[in-house]
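Have a look at the structure below, then the notes.
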Amino acid sequence: MAFRIYNSPLLNPPISSAALHPPQRLPAPNPLPCSNINNSKILGVNSGKRRFVSVRVQTTTEMRAMPEDRMLVFVPPHPLIKHWISVLRNEQTPCPIFKNAMAELGRLLMYEASRDWLPTIGGEIQSPMGVASVEFIDPREPVSIVPILRAGLALAEHASSILPATKTYHLGIVRDEETLQPTVYLNKLPEKFPEGSRVFVVDPMLATGGTVVAALELIKERGIDNKQIKVISAIAAPPALQKLSDKFPGLHVYAGILDPTVNDKGLILPGLGDAGDRSFGT
Numbered sequence: 001m002a003f004r005i006y007n008s009p010l011l012n013p014p015i016s017s018a019a020l021h022p023p024q025r026l027p028a029p030n031p032l033p034c035s036n037i038n039n040s041k042i043l044g045v046n047s048g049k050r051r052f053v054s055v056r057v058q059t060t061t062e063m064r065a066m067p068e069d070r071m072l073v074f075v076p077p078h079p080l081i082k083h084w085i086s087v088l089r090n091e092q093t094p095c096p097i098f099k100n101a102m103a104e105l106g107r108l109l110m111y112e113a114s115r116d117w118l119p120t121i122g123g124e125i126q127s128p129m130g131v132a133s134v135e136f137i138d139p140r141e142p143v144s145i146v147p148i149l150r151a152g153l154a155l156a157e158h159a160s161s162i163l164p165a166t167k168t169y170h171l172g173i174v175r176d177e178e179t180l181q182p183t184v185y186l187n188k189l190p191e192k193f194p195e196g197s198r199v200f201v202v203d204p205m206l207a208t209g210g211t212v213v214a215a216l217e218l219i220k221e222r223g224i225d226n227k228q229i230k231v232i233s234a235i236a237a238p239p240a241l242q243k244l245s246d247k248f249p250g251l252h253v254y255a256g257i258l259d260p261t262v263n264d265k266g267l268i269l270p271g272l273g274d275a276g277d278r279s280f281g282t
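In terms of UniProt numbering, the sequence shown has 44 at position 44, counting the first letter as 1, and numbering is strictly consecutive.
What follows is the structure in structure tokens.
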């Protein structure tokens, strides 16, 4: 199953997938040509009226609705996201600043991921100057955060401050350094998620995809559909994205940046190193 990459939130032309980095400056009127990622189709998004531009090897201007069975990858072009990614990449960044940068990046990505996704209730309130129509996040609708330990704790640190009435379910998964196979060592997921739950899965590094796939399979066993899940990641690479696309059609992934490759140890290049070690100093 192919996946599509968006340069969101509908403000800029689509990113070029050839380098897997959003450019600093983009020509205004027309989308840039995009190349394939593992023969995947890529969909760019233009600003204003939400014009969807289907892109294969060469740019087209075909109008097309968003397919429901396609995994979508969003890379928000916010300058603060780029700033915090740069801080995280720097090998000289000390542990406390690294952890803070990861937390701030998580705050921004969750803000973007919750756009048009959180249920609201409307009404009227009395302001000091008159009656105003208002909307609040509906606290009756269940929203859950699932950070994958341990690096996910740093990326999810500010989740409760921007997402009202959330519950946090910790999931500990360790990856064998030689086989790269994941093993679950802590599972605090509920036996079944409440009906209609929206679940944010927080995993800073989507490299080979083994860890996040293991997490998603556990979550789906507890009554959650792909479209009820959003994955939050600092950096993602093609092997993980392709694996997610194959296994979880309709999934949405929000990443700070996309890096081009993974080495034989399963580490993203150029990446930022071991996110857990650098967040906690151990």
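Positions of the beta carbon are idealized from the N, C-alpha and C atoms, including for glycine.
Option in the options with minimal Cα separation from residue i
i: Val134; options: Glu141, Pro142 and Ile125; result: Ile125
i: Asp259; options: Ser144, Asp69, Ile85 and Glu157; result: Ile85
i: Leu186; options: Ile81, Gly172 and Lys192; result: Gly172
i: Ala151; options: Glu104, Phe193 and Asp203; result: Asp203
i: Val184; options: Ile268, Glu195, Ile219 and Ala240; result: Ile219
i: residue 283; options: Pro194, Pro128, Val131 and Arg198; result: Outside the modelled stretch of the chain, which goes from 1 to 282, sits residue 283, for which no answer is possible.
i: Ala103; options: Asn263, Ala207, Asn90 and Ile81; result: Ile81
i: Ala240; options: Gln228, Val213 and Asn226; result: Val213
i: Arg175; options: Leu153, Asn100, Gly209 and Ala156; result: Gly209
i: Leu267; options: Ala207, Lys243 and Glu217; result: Ala207
i: Pro190; options: Glu177, Glu91 and Glu221; result: Glu221
i: Gly122; options: Gly130, Pro128, Pro139 and Met129; result: Pro139
Continuous beta strand (DSSP E) stretch holding residue i: start and end
i: Gln126; result: Thr120 to Ser127
i: Tyr185; result: Pro182 to Asn187
i: Ser161; result: Premise fails: Ser161 lies in the alpha helix (DSSP H), Ala159 to Ile162, not in any beta strand (DSSP E).
i: Glu104; result: Unbroken run through Glu104 is the alpha helix (DSSP H), Cys95 to Ala113; no beta strand (DSSP E).
i: Thr211; result: Careful: Thr211 lies outside any beta strand (DSSP E), inside the alpha helix (DSSP H) at Gly210 to Lys220.
i: Ser279; result: From DSSP, Ser279 is part of no beta strand (DSSP E) but of the alpha helix (DSSP H) over Ala275 to Phe280.
i: Ile232; result: Ile229 to Ala236
i: Lys167; result: Thr166 to Thr168
Per-residue burial, residue i [other beta carbons within 10 Å of its own, 16 or more giving buried]
i: Thr211; result: buried
i: Gln181; result: exposed
i: Ile37; result: Its pLDDT being 38, under 50, Ile37 is placed unreliably by the model, and the measurement read from it follows with that caveat. By the neighbour-count rule (16 or more Cβ atoms within 10 Å), Ile37 is buried.
i: Arg278; result: buried
i: Met71; result: buried
i: Lys99; result: buried
Cβ shell of residue i (< 6 Å), same chain only, five flanking positions each side left out
i: Lys230; result: Ala113, Phe200 and His252
Residue i - containing alpha helix (DSSP H), residue span
i: Pro260; result: It is not in any alpha helix (DSSP H) - Pro260 carries neither H nor E in the DSSP assignment.
i: residue 292; result: With the chain running from 1 to 282 in the structure shown, residue 292 is simply not present.
8 Å CB neighbourhood of residue i in its chain, flanking five on each side removed
i: Ala215; result: Val146, Ile148, Leu171, Ile173, Val201 and Asp203
i: Pro249; result: Met1, Asp69, Arg70, Met71 and Asn226
Contacting residues, own chain, Cβ-Cβ under 7 Å from residue i (five flanking each side not counted)
i: Ile137; result: Leu118, Thr120 and Pro164
i: Met110; result: Ala159, Ile162, Leu163, Phe200 and Ile232
i: Leu107; result: Reading off the sequence, residue 107 comes out as Arg, not Leu. Around Arg107: His158 and Ile162.
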